[in-house]
Amino acid sequence: MVNKVSRSAAVFALMVLMMFSGCEEKKDMTEHKKDVFAMDTYMMLKVYGENGDKVLMRAEKEIKELEGLFSVTDEKSDISRINKDGTAQTAEDTSNLIRKSLEYSELTEGALDITVYPVLREWGFTTGQYHIPDDSTVKELLKKVSYKNITVNDGTVTLAKNAEIDLGSVAKGYTSDRLCELFRNEGITSALVNLGGNVQAVGKKPDGSMWRVGVEDPKDNSNIVCTLEIEDKAVITSGNYERFFTGDDGRNYWHIIDPKTGRPADNGLISVTITGDSGTQCDALSTALFVMGTEKAMKFLSEHTEIDAVLIDNDMKVYITEGIERVTEFSEDYEHTVIKRQETA
Amino acid sequence: MKDKLKKMAAPICIVFVVLGCIIWIIIQNSCSRQGNIAEVRVSDRTVLRLSLDKDITREIDGQNGIKLTVVVSSGSVYVEHSGCPDKICVNKGRISAVGDTIVCLPARTVVEVIES
Ligand SMILES: [Zn+2]
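Those protein sequences? They're chains A and B, same order as listed. Counted the way my numbering counts, the first sequence spans residues 29 to 373. Counted the way my numbering counts, the second sequence spans residues 1223 to 1338.
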């Protein structure tokens, strides 16, 4: 009897010891974080583990380099040179990203179009000089708008019909892809970047749980509609509440322009969140699905199982794809409908 | 005697399991201690840490000559005034959940709620 009790006590003591060592192990995954102000936004980078600070320095350098290539205000950037001269030899990152955005333009039948820039500028979204342009001005500018005016040949980008481009709808997604790639190459197993609301994760949290990313209520950003649990994925939202102005007519005008009308896209959706493996893909498709509107976006999602989405429409109805429903926590205040996926052949 | 021993084994096991659970919970709590803090950073430098348990008002020198007033009251933190042109930081309102942030882009200033 005594023997048995003492044996149990020994096992128990061992268990307690193991628990304490587990606690200490957790502390070794030190958090390193960095604030970066670039691409007109605030970026927060968090990495866990050894070498964190060194990796973050390299990450900041990478961001500044990409900003230097993609900026429309920096005259020396690749994009400025392409827009000014109609053709330019560019860095690999620039031609890669333009090529990718053309693929997404094809895939979404022009709902994503990086040549919408002259219209965006006319509305004042790139300058802060907001105003409602008259119909004839918009009509004239729309003649230059088509992704088909862009050709990429190796590193050379050429524009036809005086088109102008801006990578605002894909640059942050591409940047988070590059950062996560850098972290993985440096042996980081746990990291999270948030580039002005565009979130991308490497692995899980250091404690082994999933990263939790909230989808905000577009009408009241202090409320969370639902929380997605992710691992090695990006979560990117396009919403009409992010950047908008109130016109002289009292109506709100937002920065996501429909390339077909030259006006802020108003096709039923006020917030589109996409989650998937690639930040570039999520960034491009969140813009494109916002432009498409409720019906087309739902059809697109039923056919494209490589991404998951949360759509919110004008009436605050929430639509979510079949795939992520399981790993999503819903607030009781919002009803949601599940978007069924088509069987893949 | 042997039967009695066998009868005793189960209760002893249960007592150990329950004890183990209690200790485990205590350890978990000591690993992630509560008591949140508002961390104020300007251009990636931490300039201030304020406990959310104590009401306080502090003036911050942000970048580009912008001054901000950060207030902690009733367990949450907010930016009361800011010299920035867009006032996005002021309009953000109160935050109190770990990981929440208030950002003033023109002042390169971030207020983040962190765990101590
Ligand atoms: Zn501000």
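The beta-carbon is built from N, C-alpha and C at its ideal position, and this holds for glycine as well. The structure presented is a predicted model; accordingly, all values stated were derived computationally and were not measured.
Practice item. May I ask you to list, following chain order, the residues of the stretch 1290-1303 of chain B that have a beta carbon less than 9 Å from some beta carbon of chain A? Key: Answer set for the stretch 1290-1303 of chain B: empty.
Review point. Counting pairs of beta carbons, one from the stretch 307-319 of chain A and one from the stretch 188-206 of chain A, are three or more of them closer than 8 Å?
Key: These segments touch.
Review point. Can A:F358 and B:R1330 be called in contact, C-beta distance under 9 Å?
Key: Taking the C-beta atoms as reference points, B:R1330 is found no nearer than 9 Å to A:F358.
Review point. Using a beta-carbon distance below 9 Å, is A:Q370 in contact with chain B?
Key: A:Q370 does not count as touching chain B.
Practice item. Would you decide whether A:N111 is buried or exposed? Buried here means 16 or more other CB atoms lie within 10 Å of its CB. Key: Classification of A:N111: buried, given that the 10 Å Cβ count is 16 or more.
Exercise for review: Tell me whether B:D1308 counts as near ligand 1, meaning its Cβ is closer than 8 Å to at least one heavy atom of that ligand.
Suggested key: Because some heavy atom of ligand 1 lies under 8 Å away, the Cβ of B:D1308 counts as near it: yes.
Practice item. Output, in chain order, the set of chain A residues within a Cβ distance shorter than 7 Å of B:D1266. Key: Within chain A, the C-beta atoms nearer than 7 Å to that of B:D1266 come from K62 and D63, in chain order.
Practice item. Taking A:G231 as the reference, give the member of A:A262, A:G224 and A:K345 with the closest Cα. Key: Checked all of A:A262, A:G224 and A:K345; the closest Cα to A:G231 is A:A262.
Check your understanding: Nearest-angstrom Cα distance between A:D102 and A:S108?
Key -> Their backbone Cα atoms lie some 7 Å apart in a straight line.
Check your understanding: Does DSSP put A:Q157 in a helix, a strand or coil?
Key -> Residue state for A:Q157 is assigned as coil, using DSSP reduced to three classes.
Review point. So which residues of chain B does A:S359 contact, with C-beta pairs closer than 8 Å?
Key: Per Cβ cutoff of 8 Å: no residues; A:S359 is ~14 Å from chain B at best.
Exercise for review: Rank A:T308, A:K368 and A:G304 by C-alpha distance to the C-alpha of A:M326 and give the top, closest one.
Suggested key: Of the candidates A:T308, A:K368 and A:G304, the one whose C-alpha sits nearest the C-alpha of A:M326 is A:K368.
Exercise for review: Mark A:I216 as exposed unless 16 or more other C-beta atoms lie within 10 angstroms of its C-beta, in which case mark it buried.
Suggested key: Per the 10 Å Cβ criterion, buried.
Practice item. Assign A:I252 to one of three DSSP states: helix, strand, or coil. Key: Strand, per DSSP.
Point to revise | B:Q1285 versus B:G1305 - alpha carbon distance | key: Computed Cα separation, rounded: 11 Å.
Check your understanding: Exposed or buried, A:E209, counting other C-beta atoms within 10 Å across all chains shown (16 or more means buried)?
Key -> Here A:E209 is exposed, its C-beta having fewer than 16 other C-beta atoms within 10 Å.
Practice item. From the DSSP output, in three-state form, read off A:K54 for me. Key: Low confidence applies to A:K54: its pLDDT is 49, below 50, so where it sits in the model is not reliable enough to give any reading.
Point to revise | Start-to-end residues for the alpha helix (DSSP H) that takes in A:L195 | key: Segment: none, A:L195 is in no alpha helix (DSSP H) and carries neither H nor E.
Exercise for review: Give the residues of chain A in contact with B:V1333, contact being defined as C-beta atoms less than 9 Å apart.
Suggested key: Per Cβ cutoff of 9 Å: no residues; B:V1333 is ~11 Å from chain A at best.
**Study point:** Interface flag, B:R1330 vs chain A, CB-CB below 9 Å
**Key:** Interface residue, yes.
Point to revise | Coil, strand or helix - A:N190 by DSSP | key: Assignment of A:N190 by DSSP, reduced to helix, strand and coil, places it in the coil class.
Review point. Going straight from the alpha carbon of A:R240 to that of A:E257, what length do you get?
Key: A:E257 has its alpha-carbon roughly 5 Å from the corresponding atom of A:R240.
Point to revise | Cβ-heavy atom distance, A:P292 to ligand 1, below 8 Å | key: Checking the 8 Å criterion, the Cβ of A:P292 is out of range of every heavy atom belonging to ligand 1.
Review point. For ligand 1, any of its heavy atoms closer than 8 Å to the Cβ of B:S1265?
Key: B:S1265: no, Cβ never under 8 Å from ligand 1.
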